[in-house]
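Novice: Chains as they are written, first to last, in the numbering used here: chain R, 1 to 503; chain U, 504 to 1006; chain X, 1007 to 1175; chain E, 1176 to 1344.
The structure's right below; bear with me while I get my questions together.
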Amino acid sequence: MRPPKFRKVLVANRGEIAVRVIRALRELGIASVAVYSDTDRDSLAVRMANEAVHLGAAASSESYLAIEKIIGAAQRTGAQAIHPGYGFLSENADFAEACERAGIVFIGPPAAAIRKLGSKTAARRLAIAAGAPVVPGVQKPVLDLDDARHIAAEISYPVILKAAAGGGGKGMRRVNTEGELEAGLRDASSEAERSFKSSEVYIEKLVTKPRHIEIQILGDRDGHVIHLGERECSLQRRHQKVVEECPSPVMLACPELRHAMGEAALRVARAAGYYNAGTCEFLVDEHRNFYFLEMNTRLQVEHPVTELVTGLDLVHWQLRIAAGESLALQQEDIHFRGSAIECRVYAEDPEQNYMPSPGKILGLKEPSGPGIRIDSGVYPGWTVPMDYDPLLAKLAVWAEDRPSAIRRMLRAVREYSVTGIQTNLRLFQEILEDTHFDAGLLHTGFLDEMMARRGRGEEQFEMHDIAAIVAAFHVARQQPQRTAPSAERTSLWRSAGRTEVMR
Amino acid sequence: MRPPKFRKVLVANRGEIAVRVIRALRELGIASVAVYSDTDRDSLAVRMANEAVHLGAAASSESYLAIEKIIGAAQRTGAQAIHPGYGFLSENADFAEACERAGIVFIGPPAAAIRKLGSKTAARRLAIAAGAPVVPGVQKPVLDLDDARHIAAEISYPVILKAAAGGGGKGMRRVNTEGELEAGLRDASSEAERSFKSSEVYIEKLVTKPRHIEIQILGDRDGHVIHLGERECSLQRRHQKVVEECPSPVMLACPELRHAMGEAALRVARAAGYYNAGTCEFLVDEHRNFYFLEMNTRLQVEHPVTELVTGLDLVHWQLRIAAGESLALQQEDIHFRGSAIECRVYAEDPEQNYMPSPGKILGLKEPSGPGIRIDSGVYPGWTVPMDYDPLLAKLAVWAEDRPSAIRRMLRAVREYSVTGIQTNLRLFQEILEDTHFDAGLLHTGFLDEMMARRGRGEEQFEMHDIAAIVAAFHVARQQPQRTAPSAERTSLWRSAGRTEVMR
Amino acid sequence: MKRFIRNGSVEAMLEMEVRGGLVNASISGNQLAPRNHSLSVSEVEPGVYSVLAGTRAMEVRVTKAREGWTVHIAGRQFTIDVVDPREASACGKGFGRQGRQEIVSPMPGKVVRVLVEEGSAVEEGQGLIVVEAMKMQNEMKAPKAGKVLALAARAGASVTAGEVLVTLE
Amino acid sequence: MKRFIRNGSVEAMLEMEVRGGLVNASISGNQLAPRNHSLSVSEVEPGVYSVLAGTRAMEVRVTKAREGWTVHIAGRQFTIDVVDPREASACGKGFGRQGRQEIVSPMPGKVVRVLVEEGSAVEEGQGLIVVEAMKMQNEMKAPKAGKVLALAARAGASVTAGEVLVTLE
């Protein structure tokens, strides 16, 4: 295909997604402009872009959320369009409008569609009108505790409270009984206020053991919209996705579901006047009923699994559509080949309740070879700042079927090594070896359940011994032995009787 | 698919292909045994294998060609099968037989098929009998200079001399006129003797501007054989491949050719009683006539481009077939999606006639992101030994069509950086930007012609200046400035009038 | 060369002899016969060792931990302390609790809220201070009832991992 | 800070001032007005610099060459010598040819054949010695007619890049 018409595009984001977009721009022969905050001067995105513009302090409000600074950077460098990535300004209708006013193309849907879908309650009304099923609940904001009590009793417990402006699990609380409602409402509202500057919260029926499955859609400015199948995103911690895959195991058992959900997503997209890439999120219950949740009006973190299975490049298409091209693909052109899985590598310690672990990356060894794709935003020697999201890189694999993809991912995770900071890499090994995961029995509570049922494996003598020997060897290399050893003294440890056999 | 039955497999090779096979073994849950020579103790293959056995000195005869040592290593570790990779013992029928005698499965074709196809003259006779077209020439070894004169005159100049036992461009000489015949015959024979311990040489008509295109085949022990399409391998230096792709540009213009060549390859394979993976090499002339050259009875270096386009894993299939599985695929199951290109990253300097550049790798930055596959055998800090082939890594890309694949490869090559030793990475940039390459006008003399027609690009002031400034900055950081600068003296350079403006 | 080794809560004595790339080692504790190992150990990258135990191959990564060393083998992680017996007595750290408790930041981050004041009484489990990093807030809770002796952090301050935030008595 | 710069056969004077991550530099030669540059230079990995010239971003890699430094920018390669003017006189290497010619190995490898003997006369272009590395043989040829003065290498010997193999007169 021929490259689209843009000569220069600004990437209004950071981390791995900025790198991802810069790579697409390079592939299309378009010059790239990175923007950066104080802590990101040495980021991989700045290293790879053709141009880079400083925005301001580390705080997002001073940099990646500063609309005027970003538009100014585009004007200064002559960028014709802005790709917002995900997060930050990507779902901000004001930003999309500000771009248009400045004569810069916003690479995403029209501002009007962002507004229609931006509030979950509004999106829900739109979905109902378009004929897409939704979770039982009340689509208007909760007025007060009494109102909440009334609604919850009507749709019956357990229920879930959600921030109307929310996303990423912020401002969400499960409420099992009326007794928990007051605290839940207070927490959800204040978190929503902090995160989104709006304390608006609504109530929904809690679907138990739901799968979180989303449908990728792609549409052009002429109203031609298709879907690119689903992504299974049920593996979550703190309501944030950790492992995603395509196809969903449930689709392998029930292929008609893809068509039905795809049609529902297209109805929502058409009703919103949507174009460019977008994603409809659904819950799927144990009986394979699906419920529209919300539409993400941007590129998703987990878009690579769709790319691997369909063979399409979503960022290329985003750029083409934004440049005014028609979507040359029909629904019947979309073929699904094999199976893809993505693991999100976070700087966090799963053993300490996913405690963030910013800091300097001392060593980095990434897997490679057949079927591996890495979208990384870091490099050895880079200090991962404490100011942003802990996503370091996305590791995705493709293989001919799900069992092969799982084994390939396991191989890749074992090749992957990050030292200097904690990561969740070891957790993936456990997930991939879990028999429930292997069976495809996924739901949004999967990860918490897996952590709860894990037992400490049998420990082997030998691994402990080798670890000890290599550590001692390493220390000896770093601190060469003194030439004149002094008389040996008995260890305090030993004399205290605390020397035991190593288990 | 379920993993094949082997529990442990020895990899009788080194470098990137040993790593490739170890990865496949990991993915199939099979334990891997690496073997290594003195210089390869710290190789990536040894680091990644489950077990490693030392063979002997660096010289291949003491290590990777030492049949008894390798079989001994398999017996000692309890390996049930041996994967020979490419090169070394991979096409050695004696080795295949020795494995069988020791009760170890040789992962490749039967020894009898290797023998039938091992000599190019014998393979040619087999191909003629099977009804595959061959290059005009005489399929028996040249007796002496007079015999050579006679044959060459009959098939008309230009002709090419080839080692009967050869491969990899060794023992090959182009002879344009009778005057060049004597020297050519002497050189080809002695090189053949040195390389293959057989000076046997034969004569063929030289096809001018030929494409080198090969067909991948895959067959099981029950005689079921299919082909996986072609690889265009015309970009060569010193008769060794540098860039390969699938589909061949000529197939894009003429899709029937794939079917015709595929059928010819299958006839040869069936006639030889072939199973496992193998490749038939052909020349294709400017009128799209094709001629069988030889069959490589092993995995090819460039197998990734076929894997990327067909979605099949050739090493997985090699292991399955060797374990006795039937090939569950029919010819109509093979679908070709998009376009793949591979670049072979060699430790050599294209500016100095591809001078080898062994040595320590100081820095290594590999590309990643969408559509990139790297099969590497090296890591930063590893010293590339002078004893073996200069192949460091294979960089392959996949994209939806050839123009997109070219642009993606260009993006990947620009991300790739190796310091400490010379590599041919910059050459790929020239190839990928070449208009003849873009047009798909490939032939085996392409690279030499491209080098001949290249002109020095316009040099910019600014790049030179920035290079100088950063070099000076780097030096200053390394050698902190003295605190008390001595009086400045006039430079000898300057006073000698040799200071000029930087161009 | 002799070293005391602490692996988690378990301690042992390591005797080790290095010759070329070969390490012969014996590990002994109170209750079992010594276990002997002969390993080929090669540092392939800084802090990364290729280890062969017989023909068995392993990749071992050693990095500095806050105390001792973190050792990674095949996806498993060990924290190991290595002490020269000649220096062991100097390492005998006081394990006694003096009733005073320091609450340290578990991660580098920013103090977003201080929930107590100096001198105030706190209950077990009561929230003391909230630290934020990477968009995640972490509430430090009182491990036992007591009194806030010192408050080292103010809201808005940046803190490093291990920095004392609150001292309780 | 002043430095003489040699970039291939071209020489120039560089004046440079470093303040924080900002480098202000002026490059001048005999025939043109000085060119001024203001660059943000940050060493992101050892020997790897992220450079911003205005908004233009570049990645620059500097490694030691046999003489001077090899600098990579955007797939292009420069070989640059940096000399402190205070030490420039010490660097004035003799460029004169004394009629004696040393043939050095262009690569690390193994001598596989020696084609001449000490004292023998050779013609221009005559093969002298064959060095092999990575399965490729390289024949060193006489750059001019002369006599073999010294033969430093024997068949089978390992040689390093730049090692003198043959001296011709």
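Backbone N, C-alpha and C fix where the C-beta goes; we use that ideal spot for every residue, glycine too.
Keep in mind the model is a prediction, meaning the values are calculated, not measured.
1. Using beta-carbon positions only, say whether VAL1226 of chain E and VAL1216 of chain E come within less than 9 Å of one another.
2. Assuming ILE1079 of chain X contacts ILE466 of chain R under a Cβ cut-off of 8 Å, what Cβ separation, rounded to an integer in Å, is found between them?
3. Should ILE875 of chain U be labelled buried (16 or more other beta-carbon atoms within 10 Å of its own) or exposed?
4. Determine the extent of the alpha helix (DSSP H) in which ALA774 of chain U is found, giving its start and end residues.
5. Within the 9 Å Cβ cut-off, does ILE421 of chain R reach chain U?
6. For GLN932 of chain U, which residues in chain E fall below 7 Å Cβ to Cβ?
7. So, is the C-beta of SER1056 of chain X closer than 9 Å to a C-beta in chain U?
8. Excluding the 5 residues flanking ILE654 of chain U on each side, which residues of the same chain have their C-beta closer than 6 Å to its C-beta?
9. DSSP beta-bridge partners for VAL1170 of chain X?
10. Using DSSP with H/G/I as helix, E/B as strand and the rest coil, what is TRP524 of chain R?
11. Considering only residues of the same chain and omitting the five flanking positions on each side of GLY484 of chain U, which have a CB-CB separation below 7 Å?
12. What three-state label does DSSP hand PHE1084 of chain X in the structure shown?
13. Would ALA780 of chain U and ALA630 of chain U qualify as a contact pair, given that the criterion is a beta-carbon distance under 9 Å?
14. Output needed for LYS1316 of chain E: all residues of its chain with C-beta closer than 7 Å, excluding positions within five of it in sequence on either side, in chain order.
15. Sorted by chain position, which residues of the same chain lie with C-beta nearer than 7 Å to ASP1090 of chain X's C-beta, five sequence neighbours on each side aside?
16. Does DSSP classify GLU1023 of chain X as helix, strand or coil?
17. Please state whether DSSP places HIS436 of chain R in a helix, a strand or coil.
18. In this structure, how does DSSP classify SER357 of chain R when only helix, strand and coil are distinguished?
19. Residues of chain X with a CB under 7 Å from the CB of GLU554 of chain U: which are they?
20. Is DSSP giving PHE509 of chain U helix, strand or coil here?
21. Could you tell me which whole alpha helix (DSSP H) segments of length 4 or greater appear in the segment 761-845 of chain U?
22. Run through the segment 675-715 of chain U for me and flag every whole beta strand (DSSP E) of 3 or more residues, listed as ranges in chain order.
23. What would DSSP say about GLU1292 of chain E, mapped onto helix, strand or coil?
24. Compare the C-beta of ALA1202 of chain E against all C-beta atoms of chain U and say whether one is closer than 9 Å.
25. Counting only Cβ pairs nearer than 8 Å, list the residues of chain E close to PRO380 of chain R.
26. Is there at least one Cβ from chain E nearer than 9 Å to ALA34 of chain R's Cβ?
27. Three or more C-beta pairs closer than 8 Å, one from the segment 205-216 of chain R and one from the segment 245-252 of chain R: is that the case here?
28. Just to confirm the assignment: which complete beta strand (DSSP E) runs, minimum length 3, are found wholly within the segment 216-245 of chain R?
29. Report buried or exposed for ARG697 of chain U, applying the criterion of at least 16 other Cβ atoms within 10 angstroms of its Cβ.
30. Taking the alpha-carbon positions, what's the ALA129 of chain R to VAL9 of chain R distance?
31. In chain X, which residues lie with their C-beta within 9 Å of the C-beta of MET463 of chain R?
32. In angstroms, rounded to a whole number, what distance separates the CA positions of PRO636 of chain U and VAL662 of chain U?
33. Report yes if the CB atom of VAL135 of chain R is closer than 9 Å to the CB atom of ALA322 of chain R, and no otherwise.
34. Kindly indicate if chain E contains any beta-carbon less than 9 Å away from that of ARG41 of chain R.
35. Taking ILE217 of chain R and LEU266 of chain R to be in contact with their CB atoms under 8 Å, please state how far apart those CB atoms are, rounded to whole angstroms.
36. Tell me, which residues are paired with LYS1246 of chain X by DSSP?
Specialist: Here's the rundown:
1. The residue labelled residue 1226 of chain E in the question sits at position 51 within the fourth sequence. The residue labelled residue 1216 of chain E in the question sits at position 41 within the fourth sequence. Cβ distance < 9 Å, so VAL1226 of chain E and VAL1216 of chain E count as in contact.
2. Stepping through the third sequence from its first residue, residue 1079 of chain X is reached at position 73. Stepping through the first sequence from its first residue, residue 466 of chain R is reached at position 466. So it is a contact: roughly 6 Å between Cβ atoms.
3. Start at 1 with the first residue of the second sequence, and residue 875 of chain U comes out as number 372. ILE875 of chain U should be labelled buried.
4. Along the second sequence, read from residue 1 onward, the residue named residue 774 of chain U stands at position 271. DSSP places ALA774 of chain U inside the alpha helix (DSSP H), whose first and last residues are 759-774.
5. As a first step, residue 421 of chain R is located in the first sequence; it is residue number 421 there, counting from the start. Residue contact check for ILE421 of chain R against chain U: no CB pair falls below 9 Å.
6. What you label residue 932 of chain U is simply residue 429 of the second sequence in a count that begins at 1. Those within 7 Å of GLN932 of chain U in chain E are GLY1250.
7. The residue labelled residue 1056 of chain X in the question sits at position 50 within the third sequence. Closer than 9 Å: yes.
8. Reading the second sequence from its first residue, position 151 is the one you call residue 654 of chain U. Shown here for ILE654 of chain U: same chain residues with a beta carbon closer than 6 Å to its own, the five before and five after excluded, namely VAL641, ILE706 in chain order.
9. Locating residue 1170 of chain X in the third sequence gives position 164, where the first residue counts as 1. Note: VAL1170 of chain X sits in a beta bridge opposite X:VAL1110.
10. Residue 524 of chain R falls outside the range modelled here, since chain R spans only 1 to 503, and no answer is possible.
11. Because chain U spans 504 through 1006 in this model, residue 484 of chain U falls outside it and cannot be assessed.
12. Counting from 1 along the third sequence, the entry for residue 1084 of chain X is found at position 78. In this structure, PHE1084 of chain X counts as strand in the three-state DSSP scheme.
13. Working through the second sequence from its first residue, we reach residue 780 of chain U at position 277. Working through the second sequence from its first residue, we reach residue 630 of chain U at position 127. For ALA780 of chain U and ALA630 of chain U, no; Cβs fall outside 9 Å.
14. Locating residue 1316 of chain E in the fourth sequence gives position 141, counting from the first residue. Taken in chain order, the residues that qualify are GLY1300, GLN1301, GLY1302, LEU1303.
15. Here residue 1090 of chain X corresponds to residue number 84 of the third sequence, with the count starting at 1. Only ARG1009 meet the Cβ criterion.
16. Numbered from its first residue, the third sequence carries residue 1023 of chain X at position 17. Strand, per DSSP.
17. For this step, residue 436 of chain R is matched to residue 436 along the first sequence. It is helical.
18. By one-based count along the first sequence, residue 357 of chain R stands at place 357. Secondary structure at SER357 of chain R: coil, using DSSP grouped into helix, strand and coil.
19. Position 51 of the second sequence, counted from the start, is the residue given in the question as residue 554 of chain U. Residues of chain X passing the Cβ test: THR1061, ARG1062, ALA1063.
20. Position 6 of the second sequence, counted from the start, is the residue given in the question as residue 509 of chain U. Residue state, collapsed to three classes: coil.
21. 806-813, 817-825
22. 675-678, 704-708
23. Here residue 1292 of chain E refers to the residue found at position 117 of the fourth sequence. GLU1292 of chain E: coil per DSSP, three-state reduction.
24. For this step, residue 1202 of chain E is matched to residue 27 along the fourth sequence. Note that residue 1202 of chain E corresponds to Ile in the displayed sequence, not to Ala. Yes, because at least one Cβ of chain U sits closer than 9 Å to the Cβ of ILE1202 of chain E.
25. Indexing the first sequence from 1 puts residue 380 of chain R at position 380. By Cβ distance, chain E contributes GLU1220.
26. Against the first sequence, residue 34 of chain R aligns to sequence position 34. Judged by the 9 Å Cβ criterion, ALA34 of chain R is in contact with chain E.
27. A contact exists between the segment 205-216 of chain R and the segment 245-252 of chain R.
28. 225-237
29. Position 194 of the second sequence, counted from the first residue, corresponds to residue 697 of chain U. Exposed.
30. Translated into positions along the first sequence, residue 129 of chain R becomes position 129. Translated into positions along the first sequence, residue 9 of chain R becomes position 9. Their Cα atoms are separated by approximately 37 Å.
31. Residue mapping note: residue 463 of chain R aligns to position 463 of the first sequence, counting from 1. By Cβ distance, chain X contributes MET1064, ILE1079, ALA1080, ARG1082, PHE1084.
32. Counted from its first residue, the second sequence places residue 636 of chain U at position 133. Counted from its first residue, the second sequence places residue 662 of chain U at position 159. Between PRO636 of chain U and VAL662 of chain U, the C-alpha separation is close to 18 Å.
33. Residue mapping note: residue 135 of chain R aligns to position 135 of the first sequence, counting from 1. Residue mapping note: residue 322 of chain R aligns to position 322 of the first sequence, counting from 1. No, the Cβ-Cβ distance between VAL135 of chain R and ALA322 of chain R is not below 9 Å.
34. In the first sequence, residue 41 of chain R corresponds to position 41, counting from 1. For ARG41 of chain R, the answer is yes, since a Cβ of chain E falls inside 9 Å of its Cβ.
35. The residue labelled residue 217 of chain R in the question sits at position 217 within the first sequence. The residue labelled residue 266 of chain R in the question sits at position 266 within the first sequence. Between LEU266 of chain R and ILE217 of chain R the Cβ distance is about 6 Å, and since that is below 8 Å, they are a contact.
36. Chain X is shown from 1007 up to 1175; residue 1246 of chain X falls before or after that span and cannot be answered.
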